[in-house]
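Numbering (the UniProt record's numbering), first residue to last: 1 to 277. Ideal Cβ placement from N, Cα and C applies to all residues, glycine included. Just below is one structure, and these are the notes that go with it.
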């Protein structure tokens with residue numbers, strides 16, 4: 001079992017790093033922290049240097065100032081790479097982390113080796129946008145765990161929840177333990193920035209994989225396909241029967257997808273063919 005001690009950058013970002021080889025940085029979703037990537041750390045660290053970190057306002061990283069833009073979150077990643085003296089890295093972003101990864105790709109393309117966007121939002125419908133804005137208002141009024149039960153139902157299959165009650169309880173505790181202002185600042189970006197610089201996505205030249213679950217109700221297959229269409233040469237993968245938290249619920253399946261993509265991207269061959277439902 002891999003056991004790591006978290007370290008900090010000069011700006012205070014809490015991170016973990018293990019393994020050898022080309023660097024791969026994983027960015028978690030809103031309300032979560034670097035611990036969500038346990039399955040990926042185990043699966044990827046035999047081939048890559050795997051780095052996970054707490055986003056601003058989450059885990060042991062600093063709280064963002066109210067009104068911090070998405071670029072501020074991309075800058076946090078830049079500071080982490082500078083601290084680790086990494087000229088380039090593969091960036092894998094999940095959900096809100098996918099928005100951060102996209103912003104990083106647009107603002108700092110020279111630092112990006114390849115890009116993976118997992119279970120992330122793009123071009124919400126008016127109904128989807130209204131729903132996430134309503135959840136933002138509930139979080140502002142009642143705190144980070146205001147929507148915990150509904151979120152867990154969107155994130156996991158009922159079978160997984162029933163089979164893993166301790167893990168689900170720990171996730172509830174993680175959500176409830178978030179700093180209210182840091183969570184709200186981040187959630188407001190998650191709710192409003194799905195079209196962040198959408199017209200510039202065609203400038204991304206790094207090998208890119210966009211993937212989601214067939215049954216992900218918030219980060220839908222349609223979103224993944226539409227996002228991939230904007231990025232030259234991007235591969236899209238839709239994993240059958242998977243919901244939002246597929247990196248946690250099905251780590252072997254997700255790890256194989258990532259390893260296949262990374263092996264191809266790092267060998268500078270053509271992008272892999274996606275698994276399309």
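CB contact flag (residue 224, residue 238, <8 Å): It is a contact, given that the beta carbons lie within the stated cut-off.
Coil, strand or helix - residue 51 by DSSP: Looking at residue 51 - three-state DSSP - the assignment turns out to be strand.
Option in 41, 248, 132, 35 with minimal Cα separation from residue 188: Ranking 41, 248, 132, 35 by Cα distance to residue 188 puts 132 first.
Assigned secondary structure, residue 15 (DSSP; H/G/I helix, E/B strand, else coil): For residue 15, the secondary structure class from DSSP, reduced to helix, strand or coil, is strand.
Per-residue DSSP class, three states only, for residue 168: Helix, per DSSP.
Bridge-paired residues (DSSP) for residue 94: Looking at the DSSP output, residue 94 bridges to 118.
Rounded distance between the beta-carbons of residue 70 and residue 161, thought under 8 Å: That pair is no contact at about 31 Å.
When 16, 243, 98, 87 are compared against residue 116, the one with the closest alpha-carbon: Closest option to residue 116, judged by alpha-carbon separation, among 16, 243, 98, 87: 98.
Buried versus exposed call for residue 23 [16 or more other C-beta atoms within 10 Å across all chains shown]: The residue in question, residue 23, is buried, as its Cβ has 16 or more Cβ neighbours within 10 Å.
Straight-line Cα distance separating residue 222 from residue 274: Model confidence at residue 274 stands at a pLDDT of 42, short of 50, so the residue's coordinates are unreliable and nothing is read from them.
Best match in 142, 201, 129, 175 for proximity to residue 30 [C-alpha to C-alpha]: Considering only alpha carbons, the answer is 175.
Residue 41 - DSSP class collapsed to helix/strand/coil: Helix at residue 41.
Residue-chain proximity (residue 131, chain B), Cβ-Cβ < 8 Å: Annotation note: the requested chain B is absent from the structure, which comprises a single protein chain.
Reduced DSSP category for residue 140 - H, G, I as helix; E, B as strand; rest coil: In the three-state reduction of the DSSP assignment, residue 140 falls in the helix class, which pools H, G and I.
Any 3 or more C-beta pairs closer than 8 Å across the region 106-114 and the region 122-137: Contact fails: fewer than three Cβ-Cβ distances are below 8 Å.
Given 8 Å, three or more beta-carbon pairs between the region 39-52 and the region 151-171: Taking 8 Å as the limit for Cβ pairs, the verdict is that the region 151-171 does not touch the region 39-52.
Exposed unless 16 or more other CB atoms sit within 10 angstroms - verdict on residue 149: By the neighbour-count criterion, in which 16 or more other beta carbons inside 10 Å mark a residue as buried, residue 149 falls on the exposed side.
Identified DSSP bridge partners for residue 213: Residue 213 is bridged to 239.
Rounded separation between residue 269 and residue 21 - CA only: Unreliable placement is indicated for residue 269, whose pLDDT of 45 sits below 50; no coordinate value is reported for it.
Straight-line Cα distance separating residue 64 from residue 227: Distance from the CA atom of residue 227 to the CA atom of residue 64, rounded to whole angstroms, is 27 Å.
Cβ separation of residue 208 and residue 231, assumed to be a contact under 8 Å, to the nearest whole Å: That pair is a contact at about 5 Å.
Cβ-Cβ distance between residue 100 and residue 168 below 8 Å: Going by C-beta atoms, residue 100 is not nearer than 8 Å to residue 168.
Burial state of residue 145 (16 or more Cβ within 10 Å): So residue 145 counts as buried.
Beta-carbon gap between residue 154 and residue 217 smaller than 8 Å: Taking 8 Å as the Cβ cut-off, residue 154 and residue 217 qualify as a contacting pair.
The alpha helix (DSSP H) enclosing residue 4, as first and last residue numbers: No alpha helix (DSSP H) holds residue 4; DSSP gives it neither H nor E.
DSSP beta-bridge partners of residue 27: Residue 27 pairs with 53, 93.
Neighbourhood of residue 90 by C-beta, 6 Å cutoff - its chain only, sequence neighbours within 5 removed: Excluding residues within five positions, the ones whose Cβ falls inside 6 Å are 24, 113, 114.
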